[in-house]
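**Q** Residue numbers (this note's numbering): 81 to 344. Using N, Cα and C, we set each Cβ at its ideal position, and we do this for glycine too.
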Amino acid sequence: MLPGVYLAYQKNGDTYYRSSITYKNKHISLGSFSREDDANTAYTEAGKILTDSELTIDTIFAYHTILKFDKVISLLNFRDNGIYFKNPIYLRNNYFVYYISKSDELKFDIDDLFYYSSHKIMRRGSHLFVNDYGMQVNILSRYGIKNYGIAGKDYYFANDDATDFRYSNIIIINKYHGVTQYLKNEIPRYKVKIHINGNYTIGTYRSEEKAAIAYNKAVDLAKSHGINKNFPTNYIENFSPKEYAEIYSKIKISAKYLEYLAGL
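Shown next, in the form of structure tokens:
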């Protein structure tokens, strides 16, 4: 067999070729191929990537390979940073880049390295997600942003770079269900709405946390009047159970909303 190539067999008995390389005492699988020549080419390309200093993370995009792009990134990172990741991750100074494709790269804090080294990021339109325990999980959920969060309304990127997911760059505006922030005389106010066959305004509040509690109270009232909808509820960490209960009992709810419930 040609260097770096191993003969393998499918379940039906058909043959194919696997390619691998050993670098710094690590055995790295390079993929499966239908032709022996292609498997050998992958081995040759991997050897060049691991030894040619002219091939860098900035020049590799012009280097056309039979190797899959994510494998190329993994090899480069292993060569330059001494850590091998199966996912296409390249370590930078105090952050890392996750390459979805040659033209699609995302930046993350090192704190997220363990998670994304074992969770593959996928894109569907503008939706970025990972498969976690069989579920599609939006990567924005790691920042407390709800699935229906809208960029520019519920959150924004401080440096206007929508590919920069470092925590300091993501500014959350509306973090609670049913609560929307707006400015009145340059002072933040929080409007609460609940959706029941249309949107009903619950009230406007000076505190985001109190607005979140008002939404929870509106949900509880809806359920007590027989509305069996799967409403999300807000979890507020800032208050003790006693403080929460006191605010909950005193918080005012829109009279119009109460009239609507009474008429059901």
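Please list, in chain order, all residues of the same chain as residue 307 whose beta carbon is under 7 Å from its beta carbon, the five residues on each side excluded.
**A** 276
**Q** Could you spell out the range, first to last residue, of the alpha helix (DSSP H) harbouring residue 118?
**A** 116-131
**Q** Spell out a yes or no on whether the stretch 310-318 and the stretch 262-273 are touching, meaning 3 or more CB-CB pairs, one atom from each, closer than 8 Å.
**A** no
**Q** Starting from residue 184 and walking both ways along the beta strand (DSSP E), at which residues does that stretch end?
**A** Taken as a continuous stretch (DSSP letters only), the beta strand (DSSP E) holding residue 184 covers 184-189.
**Q** Count the other CB atoms, across all protein chains shown, that sit within 10 Å of the CB of residue 211; report buried if there are 16 or more and exposed otherwise.
**A** exposed
**Q** Tell me which same chain residues have a C-beta within less than 7 Å of the C-beta of residue 143, skipping the five on either side of it?
**A** 135
**Q** Rounded to the nearest angstrom, what separates residue 216 and residue 209 at their Cα positions?
**A** 6 Å
**Q** Excluding the five sequence neighbours on either side, which residues of its own chain have a C-beta within less than 7 Å of the C-beta of residue 404, listed in chain order?
**A** The requested residue 404 does not occur in the structure, where the chain is confined to residues 81 to 344.
**Q** Taking the alpha helix (DSSP H) that residue 161 belongs to, which residues open and close that run?
**A** 149-161
**Q** Pull up the DSSP beta-bridge partners for residue 208, would you.
**A** 203
**Q** Less than 8 Å separating the beta-carbons of residue 156 and residue 180?
**A** Against a cut-off of 8 Å, the Cβ pair of residue 180 and residue 156 comes out as no contact.
**Q** What's the C-alpha gap between residue 145 and residue 122?
**A** So the alpha carbons of these two residues sit roughly 8 Å apart.
**Q** Give the DSSP-derived three-state secondary structure of residue 231 in the structure shown.
**A** strand
**Q** Thinking just about the alpha-carbon of each residue, which of 105, 103, 116, 325 is nearest to the one in residue 83?
**A** 116
**Q** The alpha helix (DSSP H) that contains residue 338, what's its start and end?
**A** That run of the alpha helix (DSSP H) goes 335-342.
**Q** Taking the alpha-carbon positions, what's the residue 176 to residue 120 distance?
**A** 31 Å
**Q** Please state the DSSP three-state secondary structure of residue 279.
**A** strand
**Q** In its own chain, which residues sit with a C-beta less than 8 Å from the C-beta of residue 302, not counting the 5 before and 5 after it?
**A** 274, 276, 309, 311, 341
**Q** List the endpoints of the continuous alpha helix (DSSP H) containing residue 422.
**A** Because the chain in this structure spans residues 81 to 344, residue 422 falls outside the shown range and cannot be described.
**Q** Using only the alpha-carbon positions, how far apart do residue 196 and residue 167 sit?
**A** So the two alpha carbons sit approximately 8 Å from each other.
**Q** Going straight from the alpha carbon of residue 56 to that of residue 88, what length do you get?
**A** Here the chain comprises residues numbered 81 to 344, so residue 56 is not present and cannot be evaluated.
**Q** At which residues does the beta strand (DSSP E) containing residue 88 begin and terminate?
**A** 85-89
**Q** Does residue 258 pass the burial test, meaning 16 or more other C-beta atoms within 10 Å, or should it be called exposed?
**A** buried
**Q** Should residue 254 go down as buried or exposed, given a rule of 16 or more other Cβ atoms within 10 Å for buried?
**A** Buried, because 16 or more other Cβ atoms sit within 10 Å of the Cβ of residue 254.
**Q** DSSP three-state call for residue 269: helix, strand or coil?
**A** strand
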